[in-house]
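Enquirer: Residue numbers (the working numbering): 3 to 115.
Glycine included, every Cβ here is placed at the ideal spot set by N, Cα and C.
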Amino acid sequence: MRALVAIIALCPVLAYAEVMEKEHSLFTISLWCTFGTVAAALAARYRPWLLLLVLPCVGFFFACQLLEILDPYVGPAMAAEAGVLYIVVSWGAPVLVLVSGGIGFLFRFKYAK
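(1) Does G85 pass the burial test, meaning 16 or more other C-beta atoms within 10 Å, or should it be called exposed?
(2) Do the segment 61-73 and the segment 89-98 make contact, defined as three or more Cβ pairs closer than 8 Å?
(3) How about G103 and A41: are their beta carbons less than 7 Å apart?
(4) Using a Cβ-Cβ cut-off of 7 Å, state whether G106 counts as contacting chain B.
(5) Would you mind working out which of F107, V76, G38, A114 sits nearest P58, comparing C-alpha positions?
(6) For W51, count the other beta carbons within 10 Å of its own beta carbon; 16 or more makes it buried, fewer makes it exposed. Which is it?
(7) Quick one: what's got a C-beta closer than 8 Å to M80's C-beta in the same chain, skipping five residues either side?
(8) Are the Cβ atoms of W34 and F63 separated by less than 7 Å?
(9) Roughly how far, in whole angstroms, is the beta-carbon of G106 from the beta-carbon of L44, given that I think they are within contact range, below 8 Å?
(10) Does the beta carbon of K24 fall short of 6 Å from some heavy atom of the ligand ADP?
(11) Among L108, V97, E83, whose alpha-carbon lies nearest the alpha-carbon of V60?
And the structure:
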């Protein structure tokens, strides 16, 4: 009996570990995108120096997210498990934050007193 237990214990066991349970959800990414977009637009419109606080915080979150997607081992597993929408939102969200900052600057200069 002990020999059987030892043989079973020494045999490799297949493990299936999911990738997306360790990554941010689509809801979390959407919340960071919403917060970053609104904060960047308002900061650029009213107090541009606040962009020095907003953009690094939001940028650090999305930089970490995109580094995971660009990883040659984790990225394809994320795409297979979460789908294309997750990848598109992860790439589009930081672009949307930067565009909203630009739109905030346009409104600042257009409606300057």
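Expert: So, from the data block:
(1) exposed
(2) yes
(3) no
(4) Protein chains in the displayed structure number just one, and chain B is not present.
(5) G38
(6) exposed
(7) V21, M22, E25, E70, I71, Y88, I89
(8) yes
(9) 7 Å
(10) Here there are no bound small molecules, and the ligand ADP is not part of this structure.
(11) V97
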